[in-house]
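Residue numbers (this note's numbering): 1 to 249.
Using N, Cα and C, we set each Cβ at its ideal position, and we do this for glycine too.
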Amino acid sequence: MKNITLILSLITIVALSEAAQAITIDGTFNLVEWTGYHTAEDGVGGGGFVGPGYGGQSFDVEYLGLKVENGKVNFGLQTGFNLNNGVWYGGTLYTPGDFAIDVNNDNTYDYAIDFSISSNVPSYNLYSVSSWDHVQYSQHAISDPFQYSDGTLIPATFSGAYGSGVYSNNSNGGTSYVLEGDFDLALLTLYNGGPIKLHWTMSCGNDYLNVTSIPVPEPGTLLLLGSGLSGILIWRRLSTSNLTGLWPG
Numbered sequence: 001m002k003n004i005t006l007i008l009s010l011i012t013i014v015a016l017s018e019a020a021q022a023i024t025i026d027g028t029f030n031l032v033e034w035t036g037y038h039t040a041e042d043g044v045g046g047g048g049f050v051g052p053g054y055g056g057q058s059f060d061v062e063y064l065g066l067k068v069e070n071g072k073v074n075f076g077l078q079t080g081f082n083l084n085n086g087v088w089y090g091g092t093l094y095t096p097g098d099f100a101i102d103v104n105n106d107n108t109y110d111y112a113i114d115f116s117i118s119s120n121v122p123s124y125n126l127y128s129v130s131s132w133d134h135v136q137y138s139q140h141a142i143s144d145p146f147q148y149s150d151g152t153l154i155p156a157t158f159s160g161a162y163g164s165g166v167y168s169n170n171s172n173g174g175t176s177y178v179l180e181g182d183f184d185l186a187l188l189t190l191y192n193g194g195p196i197k198l199h200w201t202m203s204c205g206n207d208y209l210n211v212t213s214i215p216v217p218e219p220g221t222l223l224l225l226g227s228g229l230s231g232i233l234i235w236r237r238l239s240t241s242n243l244t245g246l247w248p249g
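Right, dumping it as structure tokens:
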């Protein structure tokens, strides 16, 4: 019975831990909430290098988050790039790209989340994508794709939030911009299990981030698993006891 108690305790702890770290869609990229489900590349090098291009804080992609739980796809982005108005640089207006989603783990992006921001409120659209636009500069091709070129709109309901400010999690200082949102996993009909990858960049491709996440089992699923394991252990103990009684000592 000690094994059973230990297993149930561990499963309960995991379930409660996941519930405690649920993503709050509030327009701030909370590193505690996103722990284990984000990629960070918050840094500007010499001459304003952000990789693969230059531009300093205004082109730095700082954090990208993806967490799939309870049937929801949660996504978040923090960047020095102005997500509302874009960035003018050298007489050219550079614009924010779409979120790109790969659901088959084949490095082909299947879906796009297009967004716009009005009065500090984001609006999102989900597309099944047949073709993508590349970033403007071929030397930044590693940052592809930039935005969807052709696709089919998928009716979807999003929660979303936008924020901007000087955040303590930005090591460079300066203003950062944050987008967060979620939508139903069931809308990604091409998904058949396994990891999901999220990608984001801007039109020049000066910087980019990818993040890969495996969906979190729902607490109910974990508890059912625990019950099943407990049942197996009890059955094995009873079976062992019965078999032992059949043999002369």
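| Check | Outcome |
| --- | --- |
| Own chain, CB closer than 6 Å to P195, minus 5 neighbours either side, in chain order | N105, T212 and I214 |
| Limits of the unbroken beta strand (DSSP E) element including S203 | Taken as a continuous stretch (DSSP letters only), S203 belongs to no beta strand (DSSP E), as it is neither H nor E. |
| Inter-residue CB distance, Y254 and A112 (contact presumed, cutoff 8 Å) | No answer is possible for residue 254: it lies beyond the span of the chain, which begins at 1 and ends at 249. |
| Cα-Cα separation, A100 to Q21 | 24 Å |
| Pairwise C-alpha distance: S131 and F146 | 11 Å |
| Start and end residues, beta strand (DSSP E) containing E69 | V61 to E69 |
| C-beta neighbour in chain D for F99, strict 8 Å | Looking for chain D here will not work: only one protein chain is present. |
| Span of the beta strand (DSSP E) around I25 | It is not in any beta strand (DSSP E) - I25 carries neither H nor E in the DSSP assignment. |
| Rounded separation between A71 and T189 - CA only | A small fix is needed here, since residue 71 is Gly in this sequence, not Ala. Looking at the two C-alpha atoms, the distance is approximately 13 Å. |
| Coil, strand or helix - F143 by DSSP | First, the residue type needs correcting, since residue 143 is Ser and not Phe in the sequence shown. DSSP places S143 in helix when its eight states are reduced to three. |
| Rounded C-alpha distance that separates G53 from E33 | 30 Å |
| CB contact flag (D207, G97, <8 Å) | no |
| Beta carbon of V166 nearer than 8 Å to that of G173 | yes |
| Among Y94, D26, S168 and A141, nearest to F75 - alpha-carbon criterion | D26 |
| Collapsed DSSP secondary structure at A186 in the structure displayed | helix |
| Contact set for V44: own chain, Cβ-Cβ below 8 Å, skip 5 residues either direction | V50, G56, Q57, D60 and N172 |
| Identity of the residues DSSP links to H38 by a beta bridge | G65 |
| Where P155 falls, given that 16 or more other Cβ within 10 Å makes a residue buried | exposed |
| Classification of I23 by the beta-carbon crowding that lies within 10 angstroms, buried from 16 upward | buried |
| Spatially closest choice to L93 from F81, W200 and S118, by CA coordinates | F81 |
| Outcome for T35 when other beta-carbon atoms lying within 10 angstroms are tallied against a minimum of 16 | exposed |
| Residue from T28, L64, E69 and E41 with nearest C-alpha to V216 | E69 |
| Reduced DSSP category for I78 - H, G, I as helix; E, B as strand; rest coil | According to the sequence shown, residue 78 is Gln rather than Ile. Of the three classes helix, strand and coil, the one that applies to Q78 here is strand, per DSSP. |
| N170, enclosing beta strand (DSSP E) - first and last residue | Where N170 is concerned, there is no enclosing beta strand (DSSP E), given that its DSSP letter is neither H nor E. |
| Whole-angstrom distance between G46 and H199, CA atom to CA atom | 25 Å |
| Member of D114, S176 and H38 whose CA lies at the smallest distance from the CA of K67 | H38 |
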